[in-house]
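Residue 154 in numbering that gives the first Met the number 0 sits at position 155 of the sequence shown; the count goes up by one each step and never skips.
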Amino acid sequence: MRKVSINFLKPGMIVARSVYDSGGRLLLAAGITLTENFIKRLSEMGIGSLYVEDEVFVGDVHADDIVSKRTRIKSVKLLKETYHHVENQGYIDTRTVQKAIDELIDEILGSYGTLINYYEIRTYDDYTFSHSVDVCIFSLLTGISLGFDRLKLKELGIGALLHDIGKVKVSKEVLNKPGALTPDELQQIRRHPEEGFNILRRHHDIPLLSAHIALQHQERLDGSGYPRRLSGDEIHKYARVVMIADVFDALTSDRPYRTAYPVMQAVDFIGSLAGEAFEEDYVAALFSNISPFPAGSVVMLNTGEIGQVVKTDKSAPDRPVVRIFFDRQQNRINHPFEIDLSGEPSLSIVHALSEEDISRLPSGSIQSGGSACLGCKRRELPCSQGVPADRALEQSGLKKPGTSG
Ligand SMILES: [Fe+2]
Numbered sequence: 000m001r002k003v004s005i006n007f008l009k010p011g012m013i014v015a016r017s018v019y020d021s022g023g024r025l026l027l028a029a030g031i032t033l034t035e036n037f038i039k040r041l042s043e044m045g046i047g048s049l050y051v052e053d054e055v056f057v058g059d060v061h062a063d064d065i066v067s068k069r070t071r072i073k074s075v076k077l078l079k080e081t082y083h084h085v086e087n088q089g090y091i092d093t094r095t096v097q098k099a100i101d102e103l104i105d106e107i108l109g110s111y112g113t114l115i116n117y118y119e120i121r122t123y124d125d126y127t128f129s130h131s132v133d134v135c136i137f138s139l140l141t142g143i144s145l146g147f148d149r150l151k152l153k154e155l156g157i158g159a160l161l162h163d164i165g166k167v168k169v170s171k172e173v174l175n176k177p178g179a180l181t182p183d184e185l186q187q188i189r190r191h192p193e194e195g196f197n198i199l200r201r202h203h204d205i206p207l208l209s210a211h212i213a214l215q216h217q218e219r220l221d222g223s224g225y226p227r228r229l230s231g232d233e234i235h236k237y238a239r240v241v242m243i244a245d246v247f248d249a250l251t252s253d254r255p256y257r258t259a260y261p262v263m264q265a266v267d268f269i270g271s272l273a274g275e276a277f278e279e280d281y282v283a284a285l286f287s288n289i290s291p292f293p294a295g296s297v298v299m300l301n302t303g304e305i306g307q308v309v310k311t312d313k314s315a316p317d318r319p320v321v322r323i324f325f326d327r328q329q330n331r332i333n334h335p336f337e338i339d340l341s342g343e344p345s346l347s348i349v350h351a352l353s354e355e356d357i358s359r360l361p362s363g364s365i366q367s368g369g370s371a372c373l374g375c376k377r378r379e380l381p382c383s384q385g386v387p388a389d390r391a392l393e394q395s396g397l398k399k400p401g402t403s404g
């Protein structure tokens, strides 16, 4: 199974994970074979990528969801209804929201040894809802790692779920506009934190600190955010948690104007702003829950070998189990085998392959793959240990991340 962006989907590919809309309705079932028409329709619906079965990277991928599909769909549906209520009747069913947050907290606490591995597939129209649910999940995970008690988690969760509620006041055309925004449109969007605060503080059942998350989630520690250009301790710690979750989820999502960034690139980007725009300890707390190379991603090792991440572990998030499919000359090998990087200190992941990189790999007949190395327990391949990473990359003809323009 692999996540493939819409531009790289081909007729004949088989859907590996079902896709639902924000109302919980099935858009596309697992097991369906894609046709030209299906792909066109997916693109019209605004779906940026899909999980598909892969003819090269075959076999099971072990990844537990931190939150069950059922709870996630239910939360997205609730949020969509909440937005509609606010738009049409001007009120929030606060009891239902509180109950949903309680359920999310229970489930996340129950699966708290698991790394985030899956990324939801959404239509662009549904982005606001499913994005907010994910921001809530990421924020709760960060809060748990920071040792927040139940009361704090609840305040944090409510605010994180409703952090963008002010967007009901922004026109949908502006929100989903693919191109650059005019100064007037930008100003419209930049009013959403204050609008959200005003909506939330009208509800006495919603904690005032949760409302402050809506108001402050676009501020930045170094004073570069909006609407009030607050800095440092002027920003409440809940908002400092949510702003990181918000940016991380936005980067790893497909948008109308770009495909999702690989998780590792998003981790690097946010890491580069830790201590400036973002609270360093909070960034570390979020990252302790995220697999930089999620199950299903295709990676190159420092030996030049290419494989797929099949299992991740919280004790060593960047050292997963990798199933090797290509030797260091990029020949497909007869019998893929697995390496647990947590037990191989000399081996490491150099980078995750982009769609373009993967499309350039030979998908045809399997090569003999060379003879086994005597004296090396890793069968099927000539021993490739000790090849420096740069040389392995050079040999592969693949680009390093960030050099593809
Ligand atoms: Fe926002």
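Where is the CB? At the ideal position from N, CA and C, for every residue including glycine. Note that this is a predicted model, so its numbers are computed, not measured.
Task: Integer-rounded CB distance, given that Glu184 should sit under 8 Å from Leu220 - done: Start at 1 with the first residue of the sequence shown, and residue 220 comes out as number 221. Start at 1 with the first residue of the sequence shown, and residue 184 comes out as number 185. 27 Å between Cβ atoms; not a contact.
Task: Neighbour-count burial assignment, His211, 16 or more Cβ in a 10 Å radius - done: Start at 1 with the first residue of the sequence shown, and residue 211 comes out as number 212. His211 is buried by the Cβ-count criterion.
Task: Met299 - containing beta strand (DSSP E), residue span - done: The residue given as residue 299 occupies position 300 in the sequence shown. Here the beta strand (DSSP E) through Met299 covers 297 to 300.
TODO: Please say whether Ile46 and Val18 have beta carbons closer to each other than 8 Å?
DONE: If you number the sequence shown from 1, residue 18 lands on position 19. If you number the sequence shown from 1, residue 46 lands on position 47. For Val18 and Ile46, yes; Cβs fall inside 8 Å.
Task: Any non-hydrogen atom of ligand 1 closer than 7 Å to His211 Cβ - done: Locating residue 211 in the sequence shown gives position 212, where the first residue counts as 1. It does not: the Cβ of His211 is nowhere closer than 7 Å to a heavy atom of ligand 1.
TODO: Per DSSP, which residues does Lys2 bridge with? Please list them.
DONE: By 1-based counting over the sequence shown, the position of residue 2 is 3. Paired residues: Tyr50.
- [ ] Specify whether the stretch 193 to 207 and the stretch 156 to 166 touch according to this definition: at least 3 beta carbon pairs, one from each stretch, less than 8 Å apart.
- [x] yes
Task: Contact under 8 Å by Cβ, Asp53 with Tyr117 - done: To locate residue 53, count along the sequence shown from 1; it is residue 54. To locate residue 117, count along the sequence shown from 1; it is residue 118. Going by C-beta atoms, Asp53 is not nearer than 8 Å to Tyr117.
Open item on the list: Tell me whether Gln217, by its Cβ, gets closer than 7 Å to a heavy atom of ligand 1.
Closed with: Translated into positions along the sequence shown, residue 217 becomes position 218. Result yes, Cβ under 7 Å from ligand 1.
- [ ] Please name the residue or residues paired with Gln307 in a DSSP beta bridge.
- [x] Along the sequence shown, read from residue 1 onward, the residue named residue 307 stands at position 308. Beta-bridge pairing links Gln307 to Val297, Arg322.
Task: Proximity winner among Gly11, Gln307, Asp204, Ser21, relative to Tyr90 (alpha-carbon distances) - done: Counting from 1 along the sequence shown, the entry for residue 90 is found at position 91. Measuring from the Cα of Tyr90, the nearest candidate turns out to be Asp204.
Task: the stretch 134 to 145 in contact with the stretch 219 to 234 per 3-pair CB rule at 8 Å - done: no
TODO: Report back the beta-carbon spacing between Glu354 and Val3 to the nearest angstrom; my notes put them in contact at under 8 Å.
DONE: Reading the sequence shown from its first residue, position 355 is the one you call residue 354. Reading the sequence shown from its first residue, position 4 is the one you call residue 3. Going by Cβ atoms, the distance from Glu354 to Val3 rounds to 7 Å, so yes, they are a contact pair.
Task: Span of the beta strand (DSSP E) around Asn333 - done: Taking the first residue of the sequence shown as position 1, residue 333 is located at position 334. Here the beta strand (DSSP E) through Asn333 covers 331 to 339.
Task: Inter-residue Cα distance where the pair is Pro177 and Asp245 - done: The residue given as residue 177 occupies position 178 in the sequence shown. The residue given as residue 245 occupies position 246 in the sequence shown. For Pro177 and Asp245, the distance between alpha carbons rounds to 19 Å.
Open item on the list: Just checking His83 against ligand 1 - is the residue's beta carbon closer than 7 Å to any of the ligand's heavy atoms?
Closed with: As a working mapping, residue 83 is identified with position 84 in the sequence shown. No.
TODO: Return the chain-ordered ranges of every alpha helix (DSSP H) run that is complete within the stretch 33 to 95 and spans a minimum of 4 residues.
DONE: 35 to 44, 68 to 87
Task: Counted within 10 angstroms of its Cβ, other Cβ atoms place Tyr256 as buried (16 or more) or exposed - done: Along the sequence shown, one-based indexing puts residue 256 at 257. Answer is exposed; the Cβ neighbour count stays below 16.
- [ ] Using DSSP bridges, identify the partner residues of Phe196.
- [x] Mapped onto the sequence shown, residue 196 falls at position 197. DSSP lists no partner for Phe196.
- [ ] Please confirm whether any heavy atom of ligand 1 lies closer than 7 Å to the CB of His162.
- [x] For this step, residue 162 is matched to residue 163 along the sequence shown. Yes.
Open item on the list: Quick check: what's the CA-CA separation for Gln328 versus Arg359?
Closed with: The residue given as residue 328 occupies position 329 in the sequence shown. The residue given as residue 359 occupies position 360 in the sequence shown. So the two alpha carbons sit approximately 13 Å from each other.
Open item on the list: I need the DSSP call for Ser370, collapsed to helix, strand or coil.
Closed with: By one-based count along the sequence shown, residue 370 stands at place 371. Model confidence at Ser370 stands at a pLDDT of 33, short of 50, so the residue's coordinates are unreliable and nothing is read from them.
Open item on the list: Within the continuous alpha helix (DSSP H) that includes His211, where are the two ends?
Closed with: Position 212 of the sequence shown, counted from the start, is the residue given in the question as residue 211. In this chain, the alpha helix (DSSP H) harbouring His211 covers 207 to 215.
Task: With 16 other Cβ atoms within 10 Å as the buried cut-off, status of Asn288 - done: Walking along the sequence shown from the start, residue 288 turns up at place 289. When all chains shown are included, Asn288 counts as buried.
Task: Rounded C-alpha distance that separates Val240 from Ala99 - done: In the sequence shown, residue 240 corresponds to position 241, counting from 1. In the sequence shown, residue 99 corresponds to position 100, counting from 1. Looking at the two C-alpha atoms, the distance is approximately 20 Å.
Task: Range covered by the alpha helix (DSSP H) that runs through Val167 - done: As a working note, residue 167 is residue 168 in the sequence shown. Unbroken run through Val167: none, as it is neither H nor E.
- [ ] Give every residue of the same chain whose Cβ lies closer than 7 Å to the Cβ of Asp133, excluding the five residues on either side of it in the sequence, and list them in chain order.
- [x] Locating residue 133 in the sequence shown gives position 134, counting from the first residue. Excluding sequence neighbours, Asp133 sits near Glu119, Asp248.
Open item on the list: If contacts are defined as beta-carbon pairs under 8 Å, then Leu160 and Ser131 qualify, I think. What distance do you get, rounded to the angstrom?
Closed with: Position 161 of the sequence shown holds residue 160. Position 132 of the sequence shown holds residue 131. Rounded to whole angstroms, the Cβ separation of Leu160 and Ser131 is 6 Å, and the two are in contact under 8 Å.
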